[in-house]
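The structure appears right after this line, and notes come after that.
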Amino acid sequence: MERAGGKELHLYDTLTRQIQPVKVSDGKQVRIYCCGPTVYRDAHVGNLRTFLLSDLVTRTLKFNGFEVDLVQNITDVGHMSEDFEEDKMIAQSKSEKRDPFEIARDYERRFHNDCAALEITKARAYPRASECIELMIDFITKLLEIGVAYQGSDGSIYFDAEKAVDYGGLSGNKLEALKPGHRYEYEEVGAKKFHADWALWKAAGNRKEMIWQTPWGAGFPGWHIECSAMSLKYLNNHVDLHIGGIDLRFPHHENERAQSNPMVGGEAVSLWLHGEHLLFEGRKMSKSSGNVVLIRDLIERGIDSLALRFCFMENRYRSQMDLSWDSLKAAHSFLARLRKSYKTTLTTEPILTEKVSEFIDSIVGDFCNDLDTPKAMLKLRALERLEIGAGERRAIFEILEPLLGLDLLSSRPARPLPDAASKLLEARIAARAAKDFALSDSLRDQLEKFGVLVQDTANGQEWSWLVDF
Ligand code: AMP
Ligand code: ZN
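Position one of the sequence shown corresponds to residue -13 (my numbering), numbered consecutively onward.
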């Protein structure tokens, strides 16, 4: 069912600290850049909360008739770890004893799978840092020509922080307040003119991997220059909306703004959007807290990955959010109920009435109001109790699905079977065909550990969930 949209999306802009409308500066498309993953490990569900932000924005804009051009980078070189001052890719390559590019391609593939599991809209392009080195060299060359960058005594090229206009505008970290020795950025003591300057290009030094030849010698790019170079190249010199997690406000986005603005002679980004962090069962999600949760962990527990999407939407992107297994299970059951409820409407044609329009407009209004998705989700919960006919209910489901992305019209099983369990089921069919009953029994026991109950019937092997929540 089609319905005309047309509302403007308003979002909280970190720079002006005000709610601003999202503008289409070229009159054609909203140009969006979302900082992507550093592909040395799996994205955890916290990272995915931030990546979902670009999807929520994109769906809201498209629902309202806007065209969107979305670009998201893949960081596969140059992102230094804060603890070890080593490239995250190279550190991982040492610990896995594998080629860093091989690791990057693996985790990149897994990132795309995770995004698909959350129905995150695909970007038009996913440029890789390692394949945009020329772009970065050109960008740095221009910054040198403009006179806001210089070569340090160690051969690296630095951005001259004191030449930045309005440095600190995004994060509030003014140059005067940044003390020397403050570990906010990888630095080579003594090589820079000023302690707050940051590396655009690092001289290779002893590093042998992931280095490139340049007019200034061999080396590798800094992390911030990657996003400046890619966003302006891929989005034709202006970004209408720039997205990332709150931790990227400083130094990443502050430095990116300082680099990009002199290139375009004004504000390169119209609106800076930052998503707050996700906590899990009360604690910051981190390796050291031992509470890193991946999409795979949800699937292994039989939880629909879209239950995570629903939980995210039950919370405002600008607030810290605490996720728990209980809230995921509750969301899982709710989605299953909604899908069942949609199926019961299929005997009737969809009907567009005033009540339907009011319901939809109100939910769209919430999305447009700085992504007030919690309010919209409360309304979605109330849909179960709304006194409307089946045709009206059907219309609501069908019209809203492209905005919600919850796969409410699907016939997907309420609880997807993990890959490992389907392999065991196949192996058991083969074992029974070969009359290897000892193996077939052992496979039945293994399946039970996944919560899968197997029965042998006249029609062959059948399975069901031991417990359904
Ligand atoms: P990374 O792969 O580490 O470069 O991070 C990818 C994105 O995830 C960035 O936009 C981060 O700001 C964001 N991020 C990191 N940790 C969290 C978290 N706990 N909750 C939400 N977003 C996060
Ligand atoms: Zn970035």
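Cβ atoms here follow ideal geometry from the backbone N, Cα and C, with glycine treated the same way.
Residue i CB to nearest heavy atom of the ligand AMP below 7 Å
i, result
"Met363", "no"
"Asn50", "no"
"Leu234", "yes"
"Thr24", "yes"
"Asn33", "yes"
"Thr2", "no"
"Leu280", "no"
"Asp36", "In the sequence under discussion, the amino acid at residue 36 is Thr, which differs from the Asp named in the question. Flag set: Cβ of Thr36 near the ligand AMP."
"Leu284", "no"
"His(-4)", "no"
"Gly268", "no"
"Gly261", "yes"
"Ala77", "no"
8 Å Cβ cutoff met for residue i and residue j
i, j, result
"Ile106", "Asp55", "no"
"His263", "Gly32", "yes"
"Ile143", "Ile126", "yes"
"Leu439", "Ser450", "yes"
"Val279", "His98", "no"
"Trp258", "Leu47", "no"
"Asn483", "Cys213", "The structure shown has nothing for residue 483, since the chain only spans -13 to 455."
"Pro388", "Arg110", "no"
"Trp209", "His239", "no"
"Ile346", "Ile385", "yes"
"Met66", "Ala90", "no"
"Gly261", "Asp308", "no"
Rounded distance between the beta-carbons of residue j and residue i, thought under 8 Å
i, j, result
"Pro207", "Val63", "7 Å"
"Val57", "Leu(-5)", "Contact flag wrong, Cβ pair sits at about 18 Å."
Candidates the options: closest to residue i by CA position
i, options, result
"Lys435", "Leu34, Leu47, Leu403", "Leu403"
"Lys329", "Trp311, Asp393, Val151", "Asp393"
"Val8", "Lys421, Phe353, Cys213", "Phe353"
"Gly437", "Met122, Leu411, Phe52", "Leu411"
"Ala135", "Asn222, Gly375, Ile60, Ala185", "Ala185"
"Glu370", "Asp308, His224, Ser327", "Ser327"
"Asp226", "Leu332, Gln6, Glu387", "Gln6"
"Arg235", "Asn159, Lys149, Phe296", "Asn159"
"Gln4", "Leu425, Leu156, Leu324, Glu335", "Leu156"
"Ser313", "Thr333, Ser291, Leu332, Tyr303", "Ser291"
"Asp356", "Leu372, Met299, Trp311, Arg323", "Met299"
"Phe266", "Trp311, Arg243, Phe87, Ile232", "Trp311"
"Gly203", "Ala189, Trp209, Ala215", "Ala189"
"Arg17", "Phe296, Asn222, Gly205", "Asn222"
"Ala317", "Thr339, Leu364, Thr331", "Leu364"
"Ala244", "Glu378, Leu425, Thr339, Leu161", "Leu161"
Residue i: CB within 7 Å of a non-hydrogen atom of the ligand ZN
i, result
"Asn59", "yes"
"Gly230", "yes"
"His238", "yes"
"Cys118", "no"
"Cys354", "no"
Completely contained beta strand (DSSP E) runs for the segment -13 to 20, where each covers 3 or more residues: -4 to -1, 4 to 7, 15 to 20
Give the list of continuous beta strand (DSSP E) stretches no shorter than 3 residues that lie fully inside the segment 51 to 102. 53 to 58
Where are the alpha helix (DSSP H) runs, 4 residues long or more, that stay fully inside the segment 274 to 316, in chain order? 281 to 286, 291 to 299
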